[in-house]
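In what follows, a structure is listed as structure tokens, so that the remarks can point back to it.
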Amino acid sequence: MIALIVSHFVLAACAGPLVRRLGRLAFLVLALPPAVTTVWAGTRWAEAASGRADTWSWEWIRAYDASVALRLDALAELMVLLAAGVGTLVLLYCVSYFTDDSPQLAPFAGNLLAFAGAMTALVLADDLITLYVFWELTTVFSYLLIGHTSRRKQNRRSALQALTVTTLGGLAMLVGFLIIGQEAGTYRISAIVADPPGPTSAVSVAVVLVLCGALSKSAIWPFSLWLPNAMAAPTPVSAYLHAAAMVKAGVYLVARLAPAFADVPVWRPVVLVLGGATMLLGGWRALRLNDLKLVLAYGTVSQLGFLVVLAGAGNRDAALAAAAMILAHALFKAALFLVTGIVDHTAGTRDLRRLSGLGRGRPQLLVVAVLAAASMAALPPLLGFAAKEAAFEALLHGDTADRWTLAVVVVGSALTVAYTLRFLWGAFARKPAIADTPGHRVGAAFLAPPAVLAVAGLVLGPGVGWTDPLFAAYADNFPAPAHPYHLALWHGFGTALLLSVLAWAAGALLFAGRGRVTAFSRRVAWPTADSVFGHLLLGLERVALQVTGFVQRGSLSGYLAITLLVMLTGQLAVLVTDRPWEGAAAPRVWDTPLQGALALLTCAAALSCLTVSRRMKAVVLAGLTGYGAALLFVVQGAPDLALTQFCVETVSMIVFVLVLRRMPVRFEEPIGTWRRALRIPVALGAAATVGVGVWVAGAARTAEPAGAAMVQEVADHGLKDVVATILVDLRAWDTLGESAVLAAAAIGVTSLIYLHRRGETAADREELKGETAWALSTGRLTGLPQGDDTAPERDWLAAGSTLAPEHRSVVFEVVARLLFHPILVLSLYLLFCAENMPGGGFVAGLVAGLALITRYLAGGRFELAEAAPLQPGLFTGLGLFVSTGVALGGLAEGTVLHAWTYHGHLPLFGDYHLSTSVLFDFGVYLLVLGVVLDIVRALGAKVDRQIERAAGALAPATDTGRGEPNR
Numbered sequence: 000m001i002a003l004i005v006s007h008f009v010l011a012a013c014a015g016p017l018v019r020r021l022g023r024l025a026f027l028v029l030a031l032p033p034a035v036t037t038v039w040a041g042t043r044w045a046e047a048a049s050g051r052a053d054t055w056s057w058e059w060i061r062a063y064d065a066s067v068a069l070r071l072d073a074l075a076e077l078m079v080l081l082a083a084g085v086g087t088l089v090l091l092y093c094v095s096y097f098t099d100d101s102p103q104l105a106p107f108a109g110n111l112l113a114f115a116g117a118m119t120a121l122v123l124a125d126d127l128i129t130l131y132v133f134w135e136l137t138t139v140f141s142y143l144l145i146g147h148t149s150r151r152k153q154n155r156r157s158a159l160q161a162l163t164v165t166t167l168g169g170l171a172m173l174v175g176f177l178i179i180g181q182e183a184g185t186y187r188i189s190a191i192v193a194d195p196p197g198p199t200s201a202v203s204v205a206v207v208l209v210l211c212g213a214l215s216k217s218a219i220w221p222f223s224l225w226l227p228n229a230m231a232a233p234t235p236v237s238a239y240l241h242a243a244a245m246v247k248a249g250v251y252l253v254a255r256l257a258p259a260f261a262d263v264p265v266w267r268p269v270v271l272v273l274g275g276a277t278m279l280l281g282g283w284r285a286l287r288l289n290d291l292k293l294v295l296a297y298g299t300v301s302q303l304g305f306l307v308v309l310a311g312a313g314n315r316d317a318a319l320a321a322a323a324m325i326l327a328h329a330l331f332k333a334a335l336f337l338v339t340g341i342v343d344h345t346a347g348t349r350d351l352r353r354l355s356g357l358g359r360g361r362p363q364l365l366v367v368a369v370l371a372a373a374s375m376a377a378l379p380p381l382l383g384f385a386a387k388e389a390a391f392e393a394l395l396h397g398d399t400a401d402r403w404t405l406a407v408v409v410v411g412s413a414l415t416v417a418y419t420l421r422f423l424w425g426a427f428a429r430k431p432a433i434a435d436t437p438g439h440r441v442g443a444a445f446l447a448p449p450a451v452l453a454v455a456g457l458v459l460g461p462g463v464g465w466t467d468p469l470f471a472a473y474a475d476n477f478p479a480p481a482h483p484y485h486l487a488l489w490h491g492f493g494t495a496l497l498l499s500v501l502a503w504a505a506g507a508l509l510f511a512g513r514g515r516v517t518a519f520s521r522r523v524a525w526p527t528a529d530s531v532f533g534h535l536l537l538g539l540e541r542v543a544l545q546v547t548g549f550v551q552r553g554s555l556s557g558y559l560a561i562t563l564l565v566m567l568t569g570q571l572a573v574l575v576t577d578r579p580w581e582g583a584a585a586p587r588v589w590d591t592p593l594q595g596a597l598a599l600l601t602c603a604a605a606l607s608c609l610t611v612s613r614r615m616k617a618v619v620l621a622g623l624t625g626y627g628a629a630l631l632f633v634v635q636g637a638p639d640l641a642l643t644q645f646c647v648e649t650v651s652m653i654v655f656v657l658v659l660r661r662m663p664v665r666f667e668e669p670i671g672t673w674r675r676a677l678r679i680p681v682a683l684g685a686a687a688t689v690g691v692g693v694w695v696a697g698a699a700r701t702a703e704p705a706g707a708a709m710v711q712e713v714a715d716h717g718l719k720d721v722v723a724t725i726l727v728d729l730r731a732w733d734t735l736g737e738s739a740v741l742a743a744a745a746i747g748v749t750s751l752i753y754l755h756r757r758g759e760t761a762a763d764r765e766e767l768k769g770e771t772a773w774a775l776s777t778g779r780l781t782g783l784p785q786g787d788d789t790a791p792e793r794d795w796l797a798a799g800s801t802l803a804p805e806h807r808s809v810v811f812e813v814v815a816r817l818l819f820h821p822i823l824v825l826s827l828y829l830l831f832c833a834e835n836m837p838g839g840g841f842v843a844g845l846v847a848g849l850a851l852i853t854r855y856l857a858g859g860r861f862e863l864a865e866a867a868p869l870q871p872g873l874f875t876g877l878g879l880f881v882s883t884g885v886a887l888g889g890l891a892e893g894t895v896l897h898a899w900t901y902h903g904h905l906p907l908f909g910d911y912h913l914s915t916s917v918l919f920d921f922g923v924y925l926l927v928l929g930v931v932l933d934i935v936r937a938l939g940a941k942v943d944r945q946i947e948r949a950a951g952a953l954a955p956a957t958d959t960g961r962g963e964p965n966r
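Note that numbering that gives the first Met the number 0 has the sequence shown beginning at 0, numbered continuously upward.
Spelled out as structure tokens, the structure:
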């Protein structure tokens with residue numbers, strides 16, 4: 000099972016080169032994974048029909064009982080056949096639907112195949128968390144597929160709407176899953192269904208949250224607005240996602256959990272009421288639409304409501320009917336969507352007011368459409384008729400709520416017949432006063448996929464008994480009635496058949512009076528859900544703008560004051576209410592007087608920041624507070640923290656200085672006496688509150704500190720540096736996540752500087768026709784020697800010739816030249832000695848970054864380019880790749896980030912050992928180095944270019960050959 004799922008994603012990743020080489024024929028290759036999956040599922044039919052299940056599981060985190068589990072039982076067998084079988088036909092259909100020069104064909108092909116893999120994994124998942132992961136993957140891929148033609152606003156809006164609705168429902172569902180898992184003591188779906196938790200209030204809340212996710216995915220009212228708008232996607236997407244796959248995920252989840260939770264009091268009212276309302280509203284709306292695709296879309300909404308009613312009714316016969324109707328609906332609705340695509344392809348329109356006589360010119364297409372439509376209208380001997388008869392029979396013999404639901408279903412079935420006739424008449428009938436629609440011939444390969452689906456519905460009508468063992472294996476999870484129903488095409492004359500005849504007749508009458516029905520429908524129509532959604536978004540945007548305009552007035556100090564006041568108020572309220580200091584041990588003022596002295600000096604530097612008006616002075620004073628904290632770490636005996644703090648403060652101060660080059664010397668915001676008098680108490684109060692909070696939190700400890708245990712754990716592994724071991728081994732998950740956040744934050748900030756593209760060159764000396772930014776940024780000094788009189792006799796730097804002679808410092812150049820390589824060696828030493836000495840990948844990366852900063856400060860942007868010719872993104876990406884690779888490499892031993900050590904011997908060096916923690920730390924080293932380099936290039940070299948361009952010191956922009964100027 001897992002190999003089949005992985006093959007979908009692997010081949011989807013290869014869609015780009017396949018499409019470039021084969022064009023639209025690449026869809027033939029991409030259809031192989033779902034085709035093989037269909038064959039595999041077919042070989043498991045007998046086993047699933049007998050009630051046995053094929054399982055696979057992989058234990059991910061043993062300590063937390065976290066595992067990836069897959070299970071193929073009767074219900075999963077049905078869904079896999081639909082997801083893989085219909086997916087195969089849709090991919091084959093794409094060969095004829097698209098052309099070789101269709102825009103963005105490769106991403107579309109890859110996303111469609113990846114969606115098929117995610118949908119297959121979703122229906123096979125036997126773990127709630129695993130199901131949720133693939134659930135959200137289908138959401139993401141559907142977003143990409145709906146927004147395929149991203150140049151059109153309608154596609155972008157529809158994709159975002161579908162993503163918003165289904166994601167919000169998915170998040171609610173995740174919370175419900177967590178509650179159910181906690182209440183049941185397991186997240187294994189088969190175990191929960193076999194032994195569900197009791198109907199407590201927590202379970203009731205969880206059921207409502209799970210139903211929110213399921214109903215939003217299946218476009219059940221009030222979440223039905225996204226599905227009709229999703230018809231902006233290409234027709235293959237509508238035929239697959241919105242007929243046979245994605246929208247069935249919610250129905251599948253309801254059917255999967257119904258045996259366990261149908262008896263929860265809140266389940267049936269939500270499912271029956273919302274499902275019935277959706278069936279009526281969707282069918283009624285379809286009667287007044289003129290776009291064939293929208294007629295099918297609202298018909299799909301109506302049918303999904305019907306499916307949810309059957310899947311959630313909570314009895315054995317309704318579950319049997321639900322399984323049969325899921326199969327029938329996928330066959331006829333996917334076929335009709337594919338037929339609509341052919342009509343659009345050959346006639347150039349889907350507007351039924353402009354189509355006429357297409358049935359006479361395309362008789363084969365008409366036959367396929369009639370077969371599929373007859374199944375949708377539940378006419379014998381099609382599969383739709385057998386499934387609808389089973390549904391009527393199940394609801395007829397239910398309780399009072401079931402019989403009321405049956406009345407709704409009969410009315411909804413009449414609407415189904417009416418919009419089915421409207422579809423056939425609009426697409427194929429000859430209409431008065433409208434000329435026959437011209438169009439090209441439909442090829443056999445184009446017609447084959449919908450024909451296969453339509454013929455399957457015809458064959459499975461009389462042969463529906465073949466499916467009865469499989470569907471009954473699922474339905475038997477419910478309590479068995481006295482006389483269980485069995486699927487068959489003909490059960491004789493009875494009430495169910497009479498209700499079917501009534502629905503056919505009523506539907507025919509509605510179609511016959513379609514003009515009056517359409518006029519009446521439009522006259523009494525409510526505002527569409529789409530317009531309500533749009534007005535809600537517009538209102539939300541306006542409120543957000545009003546709030547933003549009121550709160551954000553451009554004062555950074557005001558923002559900080561508001562943040563501190565909110566924190567101060569909240570903390571003081573908690574402290575005053577709980578009085579946590581009562582009984583707490585009194586804090587020590589200091590361990591040594593030196594700590595007190597350093598603390599006073601640090602506080603003095605911090606308070607001095609409130610009195611300065613120059614930005615540079617404020618930066619220096621703020622830096623002194625950081626260095627003071629580093630000295631406190633030194634006195635306290637924490638060399639790792641001190642070393643890191645020193646490096647961070649140094650890099651931060653340099654970054655501040657680089658930024659201040661483009662800012663006014665003084666703070667522009669006036670600071671009056673009353674403002675300063677207000678700021679000082681707020682700052683002191685916030686600091687005091689934080690200090691008290693830290694003291695109270697430390698004094699509240701009741702358990703033994705973990706420090707001794709960590710020291711012992713590190714010693715047991717033959718190591719000495721506890722801090723470094725915690726970062727790269729014991730808490731490596733945190734380090735990995737923080738590294739990713741650091742990279743994302745740095746890239747986001749520096750991208751604001753690169754207005755055009757990040758990959759532009761910064762080292763082309765030929766573009767420089769004047770002085771560099773370093774000469775332009777300061778005025779010339781009078782009374783001093785100029786030009787070559789002050790220049791060094793030789794170039795100590797690789798780019799020394801680009802510097803103005805009067806602005807060169809021979810001492811700085813020599814020092815930078817001599818210290819660059821030793822600093823890099825020192826960074827490597829700090830990296831590899833971290834197991835037993837102060838160091839680590841983070842501080843080592845900062846030290847290496849300081850080496851590059853030294854070269855830049857000494858020689859400018861050209862010197863930086865010579866010292867680091869590679870792109871920063873290469874270091875950042877390679878660092879994340881190495882760290883993540885080491886983390887995933889632990890799977891070989893059973894879990895992510897599992898550590899191992901290799902011992903070896905080298906002739907010259909002797910014995911050595913290599914551990915995964917060092918490799919992990921090396922990834923952190925590369926990532927931090929890339930981040931520092933990116934910041935220096937953005938705030939240093941890039942700003943230099945901007946200064947030079949503004950002064951006219953750069954040559955005119957030239958074409959880089961990529962369609963963009965080299966700015």
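Note that CB positions come from ideal geometry on N, CA and C, so glycine has one too.
How many whole angstroms separate the CB atoms of residue i and residue j, which I take to be in contact at a CB cut-off of 8 Å?
i	j	result
A318	A254	7 Å
V885	L925	Rounded, the Cβ-Cβ distance is 12 Å, inconsistent with contact.
G456	G411	Contact doesn't hold; Cβ gap of about 20 Å is too wide.
For residue i, count neighbouring Cβ atoms within 10 angstroms of its own Cβ and tell me buried if that reaches 16, exposed if not.
i	result
I325	buried
V523	exposed
L351	buried
A2	exposed
Q302	buried
T547	exposed
P821	exposed
Q711	exposed
Could you name the residues of the same chain whose beta carbon sits closer than 6 Å to that of residue i, not counting the 5 residues immediately before and after it, in chain order?
i	result
D316	A393 and Y484
M245	T137 and S141
H902	H912
G15	A105
Where residue i and residue j are concerned, what is the direct C-alpha to C-alpha distance, given to the nearest angstrom?
i	j	result
W44	L469	7 Å
P663	K941	19 Å
S374	G274	21 Å
L967	A850	Given that the chain is displayed from residue 0 to residue 966, the structure contains no residue 967 and the question cannot be resolved.
L509	L214	29 Å
L718	P102	57 Å
V174	A596	51 Å
F971	A707	The structure shown does not extend to residue 971, since the chain is modelled only from 0 through 966, so no value can be given for it.
A11	A329	24 Å
S223	V300	7 Å
F445	R23	13 Å
Only counting the same chain, and skipping five residues up and downstream in sequence, which positions put a Cβ closer than 8 Å to that of residue i?
i	result
A333	V85, L88, V89, A238, Y239, A242, A243, P449 and L452
V695	L574, P579, W580 and A583
Going by beta carbon distance, what residues of the same chain come within less than 7 Å of residue i, once the five residues before and after it are set aside?
i	result
V842	L642, T643, C646 and L829
G960	Any reading at G960 is ruled out, since the residue's pLDDT is 40, under 50, leaving its predicted position unreliable.
Task: Those runs of the alpha helix (DSSP H) which lie wholly inside the region 891-946 and span at least 4 residues - done: 915-935
Open item on the list: In chain order, what are the residue ranges of uninterrupted alpha helix (DSSP H) at least 4 long that sit wholly in the region 510-568?
Closed with: 513-522 and 528-550
Open item on the list: I'd like the ranges of any alpha helix (DSSP H) spanning at least 4 consecutive residues and lying wholly in the region 260-313.
Closed with: 266-285 and 291-311
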